[in-house]
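J.:
Protein chains: 2
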Amino acid sequence: MDSKTNFNYSVSVDCVIFGYDTVDLKVLLIKRGEQPYINQWAIPGDLIHANEGIQESVQRVLKDLTGLSSLYLEQVKTFGDVGRHPLGRVFTISYYSLIKISDYKLHPSSFAKEAKWHSVKRLGELAFDHNKIFAACKEALVNSVKTKPIGFELLPKKFTLSKLQSLYEAILQEKFDKRNFRKKINSMGLLIDTDEFQKSVSHRPAKLYKFNKEKYEKLKERGFSFEI
Amino acid sequence: MDSKTNFNYSVSVDCVIFGYDTVDLKVLLIKRGEQPYINQWAIPGDLIHANEGIQESVQRVLKDLTGLSSLYLEQVKTFGDVGRHPLGRVFTISYYSLIKISDYKLHPSSFAKEAKWHSVKRLGELAFDHNKIFAACKEALVNSVKTKPIGFELLPKKFTLSKLQSLYEAILQEKFDKRNFRKKINSMGLLIDTDEFQKSVSHRPAKLYKFNKEKYEKLKERGFSFEI
DNA sequence: TCAAAAGTGTTCTGCATACACCCATGT
DNA sequence: ACATGGGTGTATGCAGAACACTTTTGA
Chain A
1 MDSKTNFNYS VSVDCVIFGY DTVDLKVLLI KRGEQPYINQ WAIPGDLIHA NEGIQESVQR
61 VLKDLTGLSS LYLEQVKTFG DVGRHPLGRV FTISYYSLIK ISDYKLHPSS FAKEAKWHSV
121 KRLGELAFDH NKIFAACKEA LVNSVKTKPI GFELLPKKFT LSKLQSLYEA ILQEKFDKRN
181 FRKKINSMGL LIDTDEFQKS VSHRPAKLYK FNKEKYEKLK ERGFSFEI
Chain B
1 MDSKTNFNYS VSVDCVIFGY DTVDLKVLLI KRGEQPYINQ WAIPGDLIHA NEGIQESVQR
61 VLKDLTGLSS LYLEQVKTFG DVGRHPLGRV FTISYYSLIK ISDYKLHPSS FAKEAKWHSV
121 KRLGELAFDH NKIFAACKEA LVNSVKTKPI GFELLPKKFT LSKLQSLYEA ILQEKFDKRN
181 FRKKINSMGL LIDTDEFQKS VSHRPAKLYK FNKEKYEKLK ERGFSFEI
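From first to last, the protein sequence lines are chains A and B.
Quick note on the numbering used here: the first sequence kicks off at 1 and runs consecutively.
Quick note on the numbering used here: the second sequence kicks off at 1 and runs consecutively.
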């Protein structure tokens with residue numbers, strides 16, 4: 001730390017953006033338009049600017065790419081293997097975030113030429129060490145989806161209990177019993193029963209619920225812990 | 001990423017070293033011998049060298065300071081607020097580690113003039129943003145101590161069930177019922193009953209146990225999950 | 001004989017699990 | 001009328017929580 005000669009590394013953020021579309025957990029990837037790894041899919045990211053905090057930087061990347069702010073953003077892990085970037089020593093701080101796919105439009109001012117939602121089940125080989133980064137972020141998502149009601153954020157404002165269950169099944173890759181799932185959700189008392197129903201479905205229409213975020217915040221303060 | 005002009009940041013590792021001494025959970029801090037924050041207590045750390053991986057770097061710091069390798073090492077979070085270091089943009093990747101206090105000696109070749117174990121209950125104001133770093137690492141320790149048998153690593157090879165209980169109580173800041181605690185530990189079947197007992201204690205001598213690490217590894221592979 | 005910690009079982013309660021049938025709607 | 005998913009209750013087992021007395025040793 002004695003001289004300026006130590007200041008010769010670069011630091012970026014990479015942001016694994018998760019979304020959900022009634023079937024599958026998805027991740028938003030960009031196709032690289034330049035070397036290295038040209039034309040390969042990659043996790044969106046950028047170098048951290050000089051006067052920008054880490055989280056600010058992630059939010060900028062996300063906003064540039066999607067026009068959206070994240071519903072949820074969490075730092076996961078920092079990667080910095082010696083050879084991970086051909087141009088020099090680049091550390092990358094990985095985050096994951098959640099957005100609603102239905103809100104998403106590829107943003108015109110984006111730095112990415114092409115961006116696409118990929119099912120998390122079938123990712124090919126990504127640029128750099130991005131497969132490792134993805135795996136770490138996926139694991140972090142799974143962990144916090146079990147202990148925080150962030151899953152709700154991926155659904156439309158009003159949703160049915162079956163949709164909620166499908167979402168958890170997609171993320172956790174595990175089937176749940178319908179009655180037990182509903183029992184657990186109900187016992188938490190975090191849903192508001194709108195008195196609306198699905199329309200024009202060719203079966204008995206399901207009730208629509210909203211997530212009661214205020215109540216969750218209050219319960220949390222009193223030591224309530226969410227668990228699925 | 002177009003030119004070398006982006007390579008002007010610095011990256012360090014900070015390592016929160018936890019130990020336990022029959023009463024209290026402790027953390028090893030060093031007293032800074034230079035500006036900034038001269039004479040304040042700080043979490044040991046160092047800049048990452050050019051040809052060194054992140055984890056390698058943490059291990060070097062730990063070895064230089066204590067002469068020991070860590071029994072456990074885990075990356076926690078990266079800090080990089082714009083103003084956190086007066087000399088420039090310095091990111092720090094924080095780790096926590098566990099060592100046995102009884103094995104520890106201040107290493108002669110150490111870069112630290114003074115190092116001392118502090119009870120985690122009474123830390124004063126630390127250098128830089130080290131109070132924030134400490135808090136994050138403490139939380140990470142608590143989380144993994146509940147789900148991995150890393151607590152065992154902090155005790156002598158042979159220990160009594162009461163010592164084990166005290167350790168968990170110190171780390172988790174929570175009292176346990178003696179019978180229920182023993183029941184749970186026994187039901188996991190991870191202890192080897194040495195047929196030895198404490199000596200020259202002025203009360204009924206307690207049985208000594210060893211941790212059965214091999215068995216734990218096997219059980220883990222079969223899906224066993226440790227939980228306290 | 002006293003002080004100090006070791007050691008030991010049972011009861012109760014609540015939560016997770018397993019499980020099968022009727023209901024409302026569109027076609 | 002049929003196909004499709006929506007919606008509901010009960011019985012069982014297991015694990016966590018509460019709880020008090022006897023034992024062994026050194027001083």
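Ideal Cβ positions, reconstructed from N, Cα and C, are used throughout, including at glycine.
1) Find out if the Cβ-Cβ distance for the pair aspartate 64 of chain A, phenylalanine 111 of chain A is shorter than 8 Å.
2) Should glycine 88 of chain B go down as buried or exposed, given a rule of 16 or more other Cβ atoms within 10 Å for buried?
3) Unbroken beta strand (DSSP E) runs of length 3 or more, entirely within the segment 99 to 169 of chain A: which are they?
4) Within 8 Å, do at least three Cβ pairs link the segment 147 to 155 of chain A to the segment 30 to 46 of chain A?
5) Express the C-alpha separation of histidine 203 of chain B and phenylalanine 197 of chain B in angstroms, rounding to a whole number.
6) Output the boundary residues of the alpha helix (DSSP H) element that contains lysine 220 of chain A.
7) Is it right to say serine 70 of chain B is buried, meaning 16 or more other beta carbons lie within 10 angstroms of its own, or is it exposed?
8) Leucine 29 of chain A to lysine 146 of chain A, Cα distance in whole Å?
9) Tell me, which residues are paired with threonine 305 of chain B by DSSP?
10) Answer with yes or no whether the minimum CB distance from threonine 78 of chain B to chain A is below 8 Å.
11) Taking all protein chains shown into account, decide if glycine 229 of chain B is buried (16 or more other Cβ within 10 angstroms of its Cβ) or exposed.
12) Beta-carbon of alanine 50 of chain A versus every beta-carbon of chain B: anything under 8 Å?
13) Which residues in the same chain as aspartate 2 of chain A place their Cβ atom closer than 6 Å to its Cβ, once the five residues preceding and following it in sequence are excluded?
14) Which one or two residues does DSSP pair with valine 58 of chain B in a beta bridge?
15) Establish whether the CB of tyrosine 37 of chain A and some CB of chain B are separated by less than 8 Å.
16) So, does the CB of glutamine 75 of chain A fall closer than 8 Å to a CB anywhere in chain B?
17) Which of the three DSSP states, helix, strand or coil, is assigned to serine 97 of chain A?
18) Going along the chain, which residues of the segment 161 to 185 of chain B sit with their C-beta nearer than 7 Å to a C-beta in chain A?
19) Counting only Cβ pairs nearer than 9 Å, list the residues of chain B close to isoleucine 43 of chain A.
20) So serine 10 of chain A contacts chain B; which residues on that side make the cut at Cβ distance below 7 Å?
21) Does chain B have any CB closer than 8 Å to the CB of valine 27 of chain A?
22) Using a C-beta cutoff of 8 Å, does phenylalanine 18 of chain A count as contacting chain B?
23) Could you give the C-beta distance for valine 27 of chain B and histidine 118 of chain B, rounded to a whole number, given that I count them as a contact under 8 Å?
24) Going by DSSP in three states, lysine 26 of chain B sits in which element: helix, strand or coil?
25) Find the residues of chain B that neighbour glycine 67 of chain A, judging by a C-beta separation of less than 9 Å, and give them in chain order.
26) Which term fits glycine 124 of chain B, buried or exposed, when burial requires 16 or more other beta carbons within 10 angstroms of its beta carbon?
27) Closer than 8 Å, CB to CB, is glycine 53 of chain B near chain A or not?
28) If the cut is a Cβ gap below 9 Å, which residues of chain A does aspartate 81 of chain B touch?
29) DSSP three-state label for leucine 87 of chain B, please.
30) Any C-beta of chain B within less than 9 Å: which residues of the segment 90 to 107 of chain A qualify?
31) Whole angstroms are fine: how far does the CA of serine 166 of chain B sit from the CA of tyrosine 95 of chain B?
32) Consider the Cβ of glycine 88 of chain A: report whether some Cβ of chain B lies at a distance smaller than 8 Å.
33) Could you compute how far the alpha carbon of proline 108 of chain A sits from the alpha carbon of glycine 67 of chain A?
34) List the whole-angstrom C-beta distance separating isoleucine 171 of chain B from leucine 141 of chain B, where the pair is believed to meet the contact cut-off of C-beta under 8 Å.
35) For isoleucine 38 of chain A, does the three-state DSSP call read helix, strand or coil?
36) For isoleucine 185 of chain A and phenylalanine 224 of chain B, what's the separation of their Cα atoms in angstroms?
T.: With the given structure in hand:
1) Yes, these two residues count as a Cβ contact at 8 Å.
2) Exposed: under 16 other Cβ atoms inside 10 Å.
3) The segment 99 to 169 of chain A contains, as complete beta strand (DSSP E) runs of 3+ residues, the segments 114 to 119 (chain order).
4) At 8 Å Cβ cutoff, the stretches do not touch.
5) Looking at the two C-alpha atoms, the distance is approximately 12 Å.
6) Per DSSP, lysine 220 of chain A belongs to the alpha helix (DSSP H) from 213 to 221.
7) Counting of Cβ neighbours within 10 angstroms places serine 70 of chain B among the buried residues, the total reaching 16 or more.
8) Straight-line measurement puts the Cα of lysine 146 of chain A at about 25 Å from the Cα of leucine 29 of chain A.
9) There is simply no residue 305 of chain B to check, as chain B begins at 1 and stops at 228 in what is shown.
10) Chain A, which has a Cβ nearer than 8 Å to the Cβ of threonine 78 of chain B, makes this yes.
11) Because chain B in this structure spans residues 1 to 228, residue 229 of chain B falls outside the shown range and cannot be described.
12) Yes, alanine 50 of chain A counts as interfacial toward chain B.
13) Residue placement at aspartate 2 of chain A is flagged as unreliable, the pLDDT there being 46, under the threshold of 50; the coordinate-derived value follows with that caveat. Taken in chain order, the list of residues that qualify is empty.
14) In DSSP, valine 58 of chain B forms no bridge with anything.
15) So, not an interface residue.
16) For glutamine 75 of chain A, the answer is yes, since a Cβ of chain B falls inside 8 Å of its Cβ.
17) In the three-state reduction of the DSSP assignment, serine 97 of chain A falls in the strand class, which pools E and B.
18) Those would be none; no residue qualifies.
19) Listed along the chain, the chain B residues whose CB falls inside 9 Å of the CB of isoleucine 43 of chain A amount to none; the nearest CB is some 15 Å away.
20) Correct list: Asn6, Phe7, Tyr9.
21) When Cβ-Cβ separations below 8 Å define contact, valine 27 of chain A makes no contact with chain B.
22) Cβ-Cβ to chain B under 8 Å: no for phenylalanine 18 of chain A.
23) In this structure, valine 27 of chain B and histidine 118 of chain B form a Cβ contact; the two beta carbons are roughly 6 Å apart against a cut-off of 8 Å.
24) Strand, per DSSP.
25) Simply none; closest approach about 23 Å.
26) Looking at its Cβ environment, which holds fewer than 16 other Cβ atoms inside 10 Å, glycine 124 of chain B is exposed.
27) Chain A contact via Cβ: present.
28) Ordered by position in chain A, the residues that pass the 9 Å Cβ test against aspartate 81 of chain B are Gly53, Ile54.
29) Coil, per DSSP.
30) Taking 9 Å as the Cβ-Cβ cut-off against chain B, the residues of the segment 90 to 107 of chain A that qualify are Val90, Phe91, Ile93.
31) Spanning the two alpha carbons is a distance of roughly 25 Å.
32) At least one CB of chain B lies nearer than 8 Å to the CB of glycine 88 of chain A.
33) So the alpha carbons of these two residues sit roughly 9 Å apart.
34) Going by Cβ atoms, the distance from isoleucine 171 of chain B to leucine 141 of chain B rounds to 7 Å, so yes, they are a contact pair.
35) In this structure, DSSP gives isoleucine 38 of chain A a state outside helix and strand, which the three-state scheme calls coil.
36) If you take the alpha carbons of isoleucine 185 of chain A and phenylalanine 224 of chain B, they lie about 27 Å apart.
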